[in-house]
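Residue numbers (the numbering used here): 5 to 387.
Just so you know, even glycine gets a beta-carbon here, dropped at the ideal spot from N, CA and C.
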């Protein structure tokens, strides 16, 4: 079915190949780049249009963009994508993607169209693409499909040489496609106005966080919820500082696990906020406890970042699947923590983390002006 699906995409894109390339297309699966998208709209040359295709879980940001005057269209895989979305995408002079989209591998890539990968994370602890151990288990046809998508990206916007090398290995593409511009989504972390607004949102829901040490526990998503340590032990370690407030923020797909932790958290100092985004919570966080999540690369840029702990109780298993970067131990700002006793001690000690080397490796070009550089390179140069 996948072969037939991509064949139909190829046929439709071939029929639309010679349509006039007059639009800027943004294909959105994450809601963290509205600032860049609005800046694109403001800087479009005369005669150009911006169209944002979004997935259903990004309805809120799509509504905001539409109110700003930007054309937004919801999409999902299927017949509608083939016959309605692909013809519009084929009018793109530039196509921006914030993720891997399988259908990209099926389109005929016109020489008059540039396809740009704007990745959704500042760095990578997990392996992906060809580096993911599970890729070896896929069929030859699957692997060919993956590589077609990777090859279609003319440019990869990255925030560091390190991330460029990760893409080079993970996607088997030449390093000269890597453009060291920084991630526009990181610009807001440098803006005092944005941080103040985020703080107001947080304090509106949780005024008790003011003037308190805030410990945020935000682990990455795991397919198998059973791989978590017994919640009581984790909560006990996180609450080792009796004067701190602990916020537990699990991935939305781990809602049942979070509800279980909520039932077992008897302390008034342990809170759960489903209505607040993880990014907003980062601006009031003094200590971030995470593991393989890319939020580590965001948090390290914030002026309020005091300490970051990597509670990797399942690191030996995680090395096998889905895999972690081979040199991770060399650049993590703190050694991985494998058990709750060590985690509790680190919480009590509250030593300041030095993020200098970590940011030099992963956030070299994240300086608050990445949006300007992306607009200058891709939008203002349009003819």
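Proximity to residue i [Cα-Cα], best of the options
i	options	result
residue 15	195, 357, 7 and 111	111
residue 100	12, 40 and 131	40
residue 34	124, 362, 256 and 17	124
residue 151	305, 44, 107 and 206	107
residue 306	319, 270, 62 and 190	190
residue 225	322, 241, 337 and 81	322
residue 63	86, 36, 386 and 114	36
residue 438	266, 244 and 214	The chain is shown from 5 up to 387; residue 438 falls before or after that span and cannot be answered.
residue 23	95, 61 and 71	95
residue 120	198, 31, 367 and 9	31
residue 241	258, 269 and 256	269
residue 360	318, 312 and 143	312
residue 221	369, 197 and 277	277
residue 199	88, 236, 372 and 297	372
residue 83	61, 6 and 362	6
residue 238	116, 356, 293 and 212	293
Integer Cβ distance of residue i from residue j, believed to fall under 8 angstroms
i	j	result
residue 314	residue 351	Not a contact, Cβ separation roughly 13 angstroms.
residue 161	residue 183	5 angstroms
residue 290	residue 218	5 angstroms
residue 254	residue 109	In fact, because the Cβ distance is near 33 angstroms, the residues do not count as touching under 8 angstroms.
residue 302	residue 193	6 angstroms
Chain-order list of residues whose beta-carbon lies under 7 angstroms from that of residue i (same chain, five-residue window excluded)
i	result
residue 377	185 and 186
residue 47	379, 383 and 384
residue 295	223, 224, 314, 315 and 316
residue 257	225
residue 49	386
Distance between residue j and residue i (C-alpha atoms, nearest Å)
i	j	result
residue 92	residue 59	16 angstroms
residue 375	residue 164	15 angstroms
residue 51	residue 26	7 angstroms
residue 78	residue 56	8 angstroms
residue 105	residue 114	18 angstroms
residue 299	residue 126	8 angstroms
residue 141	residue 209	46 angstroms
residue 310	residue 266	26 angstroms
residue 8	residue 65	33 angstroms
residue 212	residue 206	10 angstroms
Beta-carbon proximity list for residue i, same chain, < 6 angstroms, skipping 5 on both sides
i	result
residue 98	28, 118 and 382
residue 43	375 and 379
Closer than 8 angstroms to chain B by CB, residue i
i	result
residue 195	Of the chains in the structure shown, none is chain B; there is only one protein chain.
Neighbourhood of residue i by C-beta distance below 8 angstroms, restricted to the same chain and skipping five residues each side
i	result
residue 273	243, 246, 248, 249 and 250
residue 70	76
residue 179	168, 169 and 172
Check your understanding: Below 8 angstroms, can you find three or more Cβ-Cβ pairs linking the segment 161-177 to the segment 129-139?
Key -> yes
Review point. Just checking, does the segment 145-162 make contact with the segment 311-330 on the three C-beta pairs under 8 angstroms criterion?
Key: no
Check your understanding: Counting pairs of Cβ atoms below 8 angstroms between the segment 256-263 and the segment 285-299, do you hit three or more?
Key -> Flag = no, the segment 256-263 and the segment 285-299 do not touch.
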